[in-house]
Amino acid sequence: MHYAFSVELPPDASSAPAPVRPAVIGPVVIGIAGCSGSGKTTLAHELARQLDATVFPLDLYYRDLSHFPFEQRDKQNFDHPDSLESELFIEHIRTLKQGQSIQRPVYDFSIHSRVPGRFEPVHPQRYLVVEGILGLHYEELLPLYDFSIYVDAPNAICLRRRIYRDMRERGRTEESVIAQFEATARPMAELYVVPSQERASIVVQGTEALDWSIELIFKTMKSRGLLDPLPAK
Numbered sequence: 001m002h003y004a005f006s007v008e009l010p011p012d013a014s015s016a017p018a019p020v021r022p023a024v025i026g027p028v029v030i031g032i033a034g035c036s037g038s039g040k041t042t043l044a045h046e047l048a049r050q051l052d053a054t055v056f057p058l059d060l061y062y063r064d065l066s067h068f069p070f071e072q073r074d075k076q077n078f079d080h081p082d083s084l085e086s087e088l089f090i091e092h093i094r095t096l097k098q099g100q101s102i103q104r105p106v107y108d109f110s111i112h113s114r115v116p117g118r119f120e121p122v123h124p125q126r127y128l129v130v131e132g133i134l135g136l137h138y139e140e141l142l143p144l145y146d147f148s149i150y151v152d153a154p155n156a157i158c159l160r161r162r163i164y165r166d167m168r169e170r171g172r173t174e175e176s177v178i179a180q181f182e183a184t185a186r187p188m189a190e191l192y193v194v195p196s197q198e199r200a201s202i203v204v205q206g207t208e209a210l211d212w213s214i215e216l217i218f219k220t221m222k223s224r225g226l227l228d229p230l231p232a233k
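Following the UniProt record's numbering, the numbering of the sequence shown begins with 1 at its first residue and continues without gaps.
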């Protein structure tokens, strides 16, 4: 499934001359945030494909709830900032930005728990794309970003996409997805996610052409010295 995007640029950002030298020497960290189902993951993976970047999903860092019965796990508020182990993913992103590898946890969304004893190695690349609904919420995370994007979309579209994703990828039923959306996702988004768009370098609308938006995002990044020059052919 592919989503489309449009983008709001700062004045003259796309036409500003590119700096002669890159503004960032080490790994460039790009943060992407937006409501669940806004299309931020699609944008993250397309940026990663074109930049040969590593994608860093924050929702792999849900706190381990294996010590609770499943019925209790299923009732947790997974859209609240406290549901994520922010201390760990901030440490991991900082480590990657310093050019070192990390071992990130493996999370099973169907049972709301981490997989015991399993970790996934992540190695530093020139670009790291961090994405999650709360990607622009945590104060300690913001200084680690070199560029940030907020993806905006209407609630109806977000819900439809969330149903499709959670039923296909996370073993959920349509009824449970709708119930969770109304009980926690929508109200938590209004409290914590939507206000965070003010912290973004740019805001994109998750309803229009992806290729055009990617091009504009790259122009903005280039104007800030965040895109490496293409190799000579």
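Quick reminder that beta carbons are idealized off the backbone N, C-alpha and C, glycines included.
What residue range is occupied by the uninterrupted alpha helix (DSSP H) comprising residue i?
| i | result |
| --- | --- |
| R114 | Counting along the chain, R114 falls outside any alpha helix (DSSP H), though it belongs to the beta strand (DSSP E) covering 113–122. |
| R73 | 70–73 |
| L43 | 40–51 |
What residue from the options has the CA that sits closest to residue i's CA?
| i | options | result |
| --- | --- | --- |
| A200 | L84, A179, V151, L128 | V151 |
| L60 | S196, H112, L210 | H112 |
| F68 | D52, G39, L142, R114 | R114 |
| D108 | F89, Q100, L142, S66 | S66 |
| H137 | S83, S176, I214 | S83 |
| T173 | T41, D74, G26, Q100 | D74 |
| T184 | E71, S36, A33, D79 | D79 |
| S148 | V129, I157, Q50 | V129 |
Can you look up residue i in the DSSP assignment and give me helix, strand or coil?
| i | result |
| --- | --- |
| E85 | coil |
| E140 | coil |
| A156 | helix |
| Y145 | coil |
| residue 322 | Outside the shown range of the chain, which is 1 to 233, sits residue 322, and nothing can be said about it. |
| L226 | coil |
| R21 | Summary for R21: the model assigns pLDDT 42, below 50, so the residue's position carries little reliability; its value from the coordinates is reported in the next sentence. Residue state, collapsed to three classes: coil. |
I need the boundaries of the beta strand (DSSP E) containing residue i, first residue and last residue.
| i | result |
| --- | --- |
| residue 234 | Look at the range of the chain in this structure, 1 to 233, and you will see that residue 234 is not part of it. |
| R104 | 102–108 |
| L128 | 127–131 |
| T54 | 54–57 |
| residue 242 | In the structure as shown, the chain begins at 1 and stops at 233. Residue 242 is therefore absent and cannot be evaluated. |
Item to complete: Give, in chain order, every unbroken run of the alpha helix (DSSP H) that is at least 4 residues long and sits entirely within the segment 161–201.
Response: 174–180
Practice prompt. Evaluate contact between the segment 174–189 and the segment 117–127, counting only Cβ atoms and requiring at least three cross-stretch pairs below 8 angstroms.
Written response: no
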